[in-house]
Amino acid sequence: MDPYLQLPPELLQLIVRQLDPVSLIALSQTSRAWRALISPIHHDFVQRLLVLELQPKHGGIVPLFTERDDAFSFTPPWTIERWKTINYACCGCMKLRGHMMFDNRAILGRRYRKPPPGSVEARKATLTDWEPLNHGARWRLIQKRAGEEEQRRQNWRDVARRIYKPHGPPPHPFAQQPPIHDVAYYRVLERLFAGTSRQNRRCIECRYQRGDWRKQPVFGGQILRGNAKCPVVVSRQFPFPSLWERHFPGLPLPGPMPAPKAPRRWRVLREWVDSGNDYYTLYAVRCPSCGKWQESSAFRQWTLWHRRFPDMGQPVHCLRLLCNHCHLNTYKDKGLLAKELNDGAILTINKERREMFSCLTRGWRLIHNDFYHPKGALSDLKYQAVRGEIFDGVTLADCRVEVDMTSFDVTDLRLYRLRFDRLREFINHELDLKTRAEILQSWLRVWFEEYELIEDMYCWLNYQEIAISSNPYYVFNYVMEKAPYYIDTIYGNY
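All residue numbers for the sequence shown refer to numbering that gives the first Met the number 0, where the first residue is 0 and numbers rise by one.
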């Protein structure tokens with residue numbers, strides 16, 4: 000018999016009150032006598048799970064959020080590998096699951112995200128709220144305390160509304176408004192309200208079992224987010240160097256040629272930060288056959304947008320979706336699945352190649368406009384001789400001539416490289432600084448600086464498209480062996 004159990008009951012109860020939720024459950028599982036004394040309820044197991052998700056060993060790191068005027072950022076960003084080890088507590092199935100098994104609100108909303116160190120919820124995790132009462136009385140005490148805490152938070156909200164008043168109307172519609180609240184205001188919000196509803200957090204599988212997706216919104220005759228049998232859950236945005244890497248993560252493309260350095264993406268409204276990558280939204284889809292959650296690419300949907308499948312006209316079409324493994328088990332045809340996967344890989348690589356072709360064409364036409372437009376920076380007669388040297392045989396430069404990528408031969412790039420070398424020599428050594436600065440702006444400057452990168456990437460993608468077309472089972476073998484689309488990674492049963 001445990002010698003501690005020979006102590007007076009009052010002293011034992013005092014000792015148990017000083018434990019943290021994890022130690023409370025661990026002690027209750029050491030012997031029948033301790034379990035009879037503690038008599039844990041579901042609330043105690045929930046508190047234990049919420050404490051485990053804050054521990055680096057089980058839940059990984061705690062992302063820190065910085066808010067300012069309805070916009071927030073967080074560290075670390077999605078791009079680092081440490082996010083793959085972050086787990087969140089699901090209080091429905093009582094498991095720690097990877098972050099991809101939760102929608103955005105469940106891990107980004109202030110009430111549901113992990114509380115930062117020093118916050119009210121983080122301090123509460125260091126001590127259990129156990130009391131030596133029967134289950135009914137204890138539950139009533141828990142509800143009473145929760146109501147008192149919510150009332151205190153509501154009182155603080157009322158005070159904040161009176162202190163932090165918004166500014167008056169702007170002088171004109173495009174006037175820049177000063178920030179409504181300072182940084183200290185959001186720090187107080189984070190300290191008081193972060194993680195207060197984590198016990199209500201549910202993973203997407205628990206929400207599916209609960210029936211949260213029985214009724215899906217319809218817009219323009221299209222079903223958004225799948226349907227009750229095959230829900231589509233929007234997830235986070237992740238950076239990918241290319242579209243085919245978004246749909247085929249980790250796929251090593253065939254051939255001895257290494258991938259060249261990627262040129263910067265030509266964007267309009269986004270600054271060139273992390274310009275070698277584009278951000279793509281990931282979607283979690285539940286296979287109606289095997290019931291496993293996988294990324295949308297596992298269903299060979301290469302054009303998923305806004306949480307819907309564009310090729311679905313009616314909700315019943317969701318039931319026809321099958322993940323790669325279920326497709327193979329249902330139709331027993333490797334060739335059919337291999338063709339769909341190969342077609343998808345060729346489609347995504349072809350889109351990337353078209354983008355590179357568009358960059359080549361756009362740059363030549365921009366510089367062509369400077370030479371031939373009456374108001375162009377290089378329309379002066381003194382540049383007429385060099386104009387012929389640069390644009391002789393360059394059919395992409397003339398806006399009046401429509402050139403499709405299918406009719407463009409890769410061997411033509413040799414001529415284009417010679418013409419570009421002459422253009423570079425002309426701009427760098429024959430133009431004055433003022434005219435050069437006037438020409439090399441915005442997209443044309445990017446094209447001029449990275450022409451070789453754009454050309455090399457176009458040739459490399461063209462080679463990869465031919466290599467995959469000649470090997471019909473290349474993508475199939477990788478997908479079936481590596482299974483890169485599964486997101487239902489359970490850390491363990493806690």
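Just so you know, even glycine gets a beta-carbon here, dropped at the ideal spot from N, CA and C.
Less than 9 angstroms between the C-beta atoms of residue i and residue j, yes or no?
| i | j | result |
| --- | --- | --- |
| arginine 285 | glutamate 204 | yes |
| leucine 414 | glycine 392 | yes |
| leucine 23 | aspartate 43 | yes |
| glutamate 429 | valine 385 | yes |
| valine 474 | glycine 343 | yes |
| proline 240 | asparagine 199 | no |
| valine 445 | arginine 263 | yes |
| phenylalanine 101 | alanine 193 | no |
| histidine 367 | phenylalanine 390 | yes |
| isoleucine 467 | isoleucine 348 | yes |
| arginine 137 | glutamate 130 | yes |
| leucine 48 | alanine 88 | yes |
| threonine 84 | aspartate 19 | no |
| tryptophan 442 | leucine 365 | yes |
| valine 119 | leucine 53 | no |
| arginine 209 | glycine 91 | yes |
| tyrosine 111 | arginine 197 | yes |
| glutamine 46 | aspartate 128 | yes |
| leucine 439 | isoleucine 426 | yes |
| glutamate 189 | arginine 109 | yes |
| lysine 228 | proline 287 | yes |
| tyrosine 282 | valine 231 | yes |
What are the boundary residues of the beta strand (DSSP E) that includes residue i?
| i | result |
| --- | --- |
| alanine 88 | 86-89 |
| glycine 97 | 94-97 |
| valine 284 | 277-285 |
| glutamine 293 | 292-294 |
Exposed or buried, which one is residue i when buried takes at least 16 other CB atoms within 10 Å?
| i | result |
| --- | --- |
| glutamate 294 | buried |
| cysteine 561 | Nothing can be reported for residue 561, as the shown portion of the chain is limited to 0 through 493. |
| lysine 113 | buried |
| arginine 399 | exposed |
| glycine 117 | exposed |
| arginine 245 | buried |
| proline 76 | exposed |
| glutamate 480 | exposed |
| leucine 268 | Confidence at leucine 268 is low in this model, with a pLDDT of 46, below 50, so its placement is unreliable and no value can be given for it. |
| glutamine 17 | exposed |
| glycine 59 | buried |
| serine 30 | exposed |
| proline 7 | exposed |
| glutamine 99 | It is methionine, not glutamine, that sits at residue 99 in the sequence shown. When all chains shown are included, methionine 99 counts as buried. |
| tyrosine 330 | exposed |
| isoleucine 37 | buried |
| arginine 423 | exposed |
| glycine 312 | For glycine 312, the predicted structure reports a pLDDT of 41, less than 50, and the residue's modelled location is therefore unreliable. The matter cannot be settled from this model. |
| leucine 320 | buried |
| cysteine 358 | buried |
What are the boundary residues of the alpha helix (DSSP H) that includes residue i?
| i | result |
| --- | --- |
| glutamate 339 | 333-371 |
| glutamate 449 | Where glutamate 449 is concerned, there is no enclosing alpha helix (DSSP H), given that its DSSP letter is neither H nor E. |
| glutamine 12 | 8-16 |
| glutamate 388 | 383-390 |
| valine 21 | 20-27 |
| arginine 104 | 103-107 |
| cysteine 325 | 323-330 |
| histidine 42 | 41-51 |
| arginine 477 | Residue identity differs from the one stated: residue 477 is tyrosine in this sequence, not arginine. 473-481 is the span of the alpha helix (DSSP H), which, as asked, contains tyrosine 477. |
| tyrosine 415 | 411-428 |
| arginine 494 | Residue 494 falls outside the range modelled here, since the chain spans only 0 to 493, and no answer is possible. |
| arginine 122 | 119-123 |
| alanine 436 | 432-438 |
| proline 114 | Where proline 114 is concerned, there is no enclosing alpha helix (DSSP H), given that its DSSP letter is neither H nor E. |
| histidine 57 | 55-58 |
Could you give the C-beta distance for residue i and residue j, rounded to a whole number, given that I count them as a contact under 8 angstroms?
| i | j | result |
| --- | --- | --- |
| histidine 57 | asparagine 86 | 7 angstroms |
| tyrosine 457 | arginine 352 | 6 angstroms |
| tyrosine 278 | phenylalanine 237 | 7 angstroms |
| phenylalanine 73 | proline 62 | 5 angstroms |
| valine 402 | threonine 360 | 7 angstroms |
| tryptophan 292 | isoleucine 106 | Incorrect: roughly 15 angstroms between the Cβ atoms, too far for contact. |
| asparagine 328 | alanine 297 | Actually they are not in contact, since the Cβ atoms of asparagine 328 and alanine 297 sit about 14 angstroms apart, beyond 8 angstroms. |
| aspartate 397 | proline 259 | At roughly 28 angstroms, the Cβ-Cβ gap does not stay under 8 angstroms, so aspartate 397 and proline 259 are not in contact. |
| methionine 256 | tryptophan 82 | With a Cβ gap of about 31 angstroms, methionine 256 and tryptophan 82 do not count as contacting. |
| phenylalanine 407 | phenylalanine 356 | 7 angstroms |
| leucine 395 | tryptophan 363 | 5 angstroms |
| alanine 337 | tyrosine 472 | 5 angstroms |
| arginine 235 | asparagine 103 | 7 angstroms |
Task: Ordered list of beta strand (DSSP E) runs contained in the segment 188-267, each at least 3 residues - done: Taking 3 residues as the shortest admissible run, the segment 188-267 contains the following complete beta strand (DSSP E) segments, listed from N- to C-terminal end: 231-239.
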